[in-house]
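The structure under discussion appears below in the form of structure tokens.
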Amino acid sequence: MPKIKTSAWDKVLLARQASRPKALEYIENIFNEFIELHGDRLFSDDKSIIGGIGKIEDYTVTVIGQQKGKTTKENMERNFGMTNPEGYRKALRLMEQAEKFNRPIITFIDTPGAYPGIGAEERGQGEAIARNICSMSNLKVPIICVVIGEGSSGGALALGVGDKIVMLENAIYSILSPEGFASILYKDASKNKEAAENMKITAKDLKDFGIIDKIIKEPEGGAGENFESVTKELKTYILKSIKELNKLTKNELVENRYKKFRTMC
Amino acid sequence: MIIDKIKKVNVQEENRKNLKASDMLVGKWVKCDNCKEILYKEELHENLGVCPNCGKHFRLSARRRIKQIIDEGTFVEIGNGLTTKDPLKFDGYVKKLEALKEKTKIEEAVVTGVGKINSDEVVIAVMDGNFLMGSMGSVVGEKITLAIEESIKRKVPLIMFCLSGGARMQEGIISLMQMAKTSSAIARHNDAGLLYISVLTDPTTGGVTASFAMLGDIILAEPNALIGFAGPRVIEQTIKQTLPEGFQRSEFLLEHGFIDKIVERKDMKETISKLIKLHINTNN
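For the protein sequence lines, the chains are A and B, in the order given.
The first sequence begins at 41 in the numbering used here and counts up one residue at a time.
The second sequence begins at 3 in the numbering used here and counts up one residue at a time.
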């Protein structure tokens, strides 16, 4: 049976689906051990970001994930995956810890964007994102970033500067939401579908741009339909990447990462 | 007779104040949108683009800014001749860029180059709001990165005047990646032990705030500049509240610890110069 072509807008809906597997489910399925660690040591613990130490086969790694909820209650607790500055600072603290103990970093990206609120601005949302991007470019351990759902704007990039960037087949990665794009450039927020098509936000688009390294296939209907096969492929890719990146010297690793982003134009 | 004269002046004043700003943009006069005073453009320019009446700092073109900061005759522009790949093939985008090039006499939303500040060599990047609100697409990102790399190569301070509505939406995800490109270059600049002074001017928002703008060793700002990540309207729509007075202005950022100092335009060159001279290390 020929596969029905999924439009960019269909992918937006799939990426945002409440029932779609979230970061914690990936963590549970891919890592044989995981201990969550909390707090940015400066202000609070942002629950839209989960961070900790895990084991993938014999490798100890630091894991960071943006966590959306599946229910309204969970979403309230997780702020719908919209990270505040303290979330980015918690992530950075744990990533710097990873560098100290020489363990690779795996990030899972899933956010409608950094939280636009008064407190977020008071506590330097822009500074927090900038610091993460800048520091990640220079960390001397392998970094693998996986976009599992919505990768929207600087709020996603703040966890997205790595040696390998992976997207799930139905995940999206964009400068802002199609609704925002439509309202700014078409002056009409209802042209969201048209925007989604024109924005080039699908995994295939990003692969064609050379921004991402790998697309993980999803079964028809999305990752949740056969989560085992999705996590199996992802786990294999992560392990292969760790082995490959571990062969590089620290200088080669950082130099390659610099070149990777340097040539994106 | 004297009274008549005063009356006449008052009527003229009234008429001037009732003029719409748009009526005057083409002429020799401009209305201060803060104090509503009508200003003679030449006089405003002589006063560095600051309202002589209320002190409002008007936006400056990159060329004017460079004239104010860099020693006369020392500026050499770098990084020209780049063009966007128009990654989204966005309708009318390339045409618009061509028209703006023609109109503004600059190639993109940032002008970069090498020059001297009170005889000290620097690399400078100045963003220009007349060019798609200083938004950062691939060419802006590339020019800024080249400027950072030039500063590393020459081992001289880097000065960036930020002014931006954020990422260039017309270039989609490629614009987002410019944040990573420029910030990675800043990380290298930092490793090289070089000074980077970032100056935030009205407005500095979005992807520029969330990348190189906030990464200065020293961050200065002009008075009352709008500085933030999310735009005020987006925040209002999200939280469904009116924002407090002075929210996301320079003074607000200073109070919350995100900038080092607010500097008036008349003192900008001397302040930057002093900071540069204080970084000429005498302890080595």
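The beta-carbon is built from N, C-alpha and C at its ideal position, and this holds for glycine as well.
Based on the DSSP secondary-structure assignment, which residues constitute the bridge partners of residue i?
i	result
B:H59	B:V52
A:Q106	A:I89
B:E79	B:G115
B:V128	B:V113 and B:F163
A:Y213	A:G191
B:V32	B:L41
A:T151	A:G191
B:L222	B:V201 and B:K263
B:M138	B:A169
How is the alpha helix (DSSP H) around residue i delimited, first residue to last?
i	result
A:Q165	Q165 to M176
A:D248	A243 to F249
A:A235	N232 to M239
A:Y277	F267 to N286
A:N254	Sequence inspection shows Lys at residue 254 of chain A; the Asn mentioned does not correspond to that position. Per DSSP, A:K254 belongs to no alpha helix (DSSP H); it is in the beta strand (DSSP E), K254 to I256.
B:I282	Careful: B:I282 lies outside any alpha helix (DSSP H) and carries neither H nor E.
A:N291	K290 to R302
B:M216	That residue, B:M216, is in no alpha helix (DSSP H); it is neither H nor E in DSSP.
A:F221	P218 to L225
B:T106	Y95 to T106
A:V181	Element bounds for A:V181: n/a, residue is neither H nor E.
B:Q243	Looking at the DSSP string, B:Q243 is not in any alpha helix (DSSP H), and its letter there is neither H nor E.
B:L256	S252 to E257
A:M135	P125 to K140
B:N120	Looking at the DSSP string, B:N120 is not in any alpha helix (DSSP H), and its letter there is neither H nor E.
A:N115	T112 to R118
A:I158	I158 to E162
What are the boundary residues of the beta strand (DSSP E) that includes residue i?
i	result
B:D73	Here B:D73 belongs to no beta strand (DSSP E), and DSSP marks it neither H nor E.
A:K204	K204 to L208
With distance defined between alpha-carbon atoms, name the residue in the options nearest to residue i.
i	options	result
A:A222	B:R67, B:N82, B:F92 and B:G139	B:F92
B:R61	B:I176, B:E151 and B:L202	B:L202
A:L285	A:I145, A:H78, A:L54 and A:A63	A:I145
B:G57	B:F260, B:A227 and B:N283	B:A227
A:K108	A:I96, A:G92 and A:Y66	A:Y66
B:T207	B:K38, B:M181 and B:R67	B:M181
A:A170	B:V158, B:E104, B:A189 and B:G131	B:A189
B:F133	B:E123, B:I278 and B:Y95	B:Y95
A:M239	B:E45, B:P89 and B:E123	B:P89
A:V103	A:L134, A:K300, A:D80 and A:S59	A:L134
B:I119	B:G248, B:K183, B:G233 and B:K271	B:K271
A:Y99	A:K299, A:T276, A:K290 and A:D228	A:T276
A:F141	A:T111, A:K180, A:E167 and A:A196	A:K180
A:I93	A:P125, A:N115 and A:T147	A:T147
A:V187	A:E237, A:R60 and A:S269	A:R60
A:N210	A:I89, A:I256, A:Q165 and A:T112	A:I256
B:A127	B:K107, B:E109, B:V141 and B:I150	B:I150
B:S177	A:F249, A:E139, A:A168 and A:E219	A:F249
B:I261	B:T211, B:I237 and B:T284	B:T211
B:S140	B:G115, B:G168 and B:M162	B:G168
A:L225	B:R170, B:D193, B:M162 and B:A187	B:R170
B:S166	B:L84, B:D204 and B:E100	B:D204
A:G157	A:I215, A:G166 and A:I149	A:G166
B:G248	B:K242, B:H258 and B:I241	B:H258
A:N119	A:R129, A:I96 and A:I89	A:I89
B:I175	A:V206, A:L197 and A:D80	A:L197
A:G153	B:I71, B:Q243, B:G218 and B:F231	B:F231
B:H47	B:I278, B:I220 and B:R66	B:R66
Any heavy atom of the ligand ADP within a distance shorter than 7 Å of the CB on residue i?
i	result
B:N226	This structure lacks the ligand ADP, and indeed carries no ligand of any kind.
Alpha helix (DSSP H) runs contained entirely in the segment 179 to 214 of chain B, provided each spans 4 or more residues: 208 to 211
Within the segment 48 to 102 of chain A, ranges of the alpha helix (DSSP H) (whole runs, at least 4 residues): 48 to 56 and 63 to 70
Contacting positions in the segment 102 to 131 of chain A - beta carbon closer than 7 Å to chain B: Per Cβ criterion, the list is empty.
The segment 137 to 170 of chain A: positions lying closer than 9 Å to chain B by Cβ: So the close ones are G153, A154, Y155, P156, G157, I158, A160, E161, E162, R163, G164, Q165, G166, E167, A168, I169 and A170.
Residues within the segment 196 to 218 of chain B neighbouring chain A, beta-carbon criterion of under 9 Å: T206, T207, G208, G209, V210, T211, A212, S213, F214, A215, M216 and L217
Members of the segment 216 to 229 of chain A that neighbour chain B once the beta carbon cut-off is set at 9 Å: L216, G220, F221, I224 and L225
Interface residues of the segment 232 to 249 of chain A facing chain B [CB-CB below 9 Å]: N238, M239, K240, I241, D245, L246 and F249
Near-chain A residues of the segment 255 to 266 of chain B (beta-carbon distance less than 7 Å), N- to C-terminal order: H258 and F260
Contact residues within the segment 229 to 240 of chain B, judged by C-beta distance below 7 Å to chain A: G230, F231, A232, V236, I237 and T240
Residues within the segment 195 to 211 of chain A neighbouring chain B, beta-carbon criterion of under 7 Å: From the segment 195 to 211 of chain A, only L197 and V201 have a Cβ closer than 7 Å to chain B.
Chain-ordered residues of the segment 174 to 188 of chain B with a beta carbon less than 7 Å from chain A: G174, I175, I176, S177, L178, M179, M181, A182, K183, S185, S186 and I188
Interface positions of the segment 97 to 131 of chain B facing chain A (Cβ-Cβ less than 7 Å), listed along the chain: none
Members of the segment 172 to 193 of chain A that neighbour chain B once the beta carbon cut-off is set at 8 Å: So the list reads I173, C174, S175, S177, N178 and S193, given in the order they occur along the chain.
Cβ-based contacts, 7 Å cut-off: residues of the segment 58 to 69 of chain B near chain A: none
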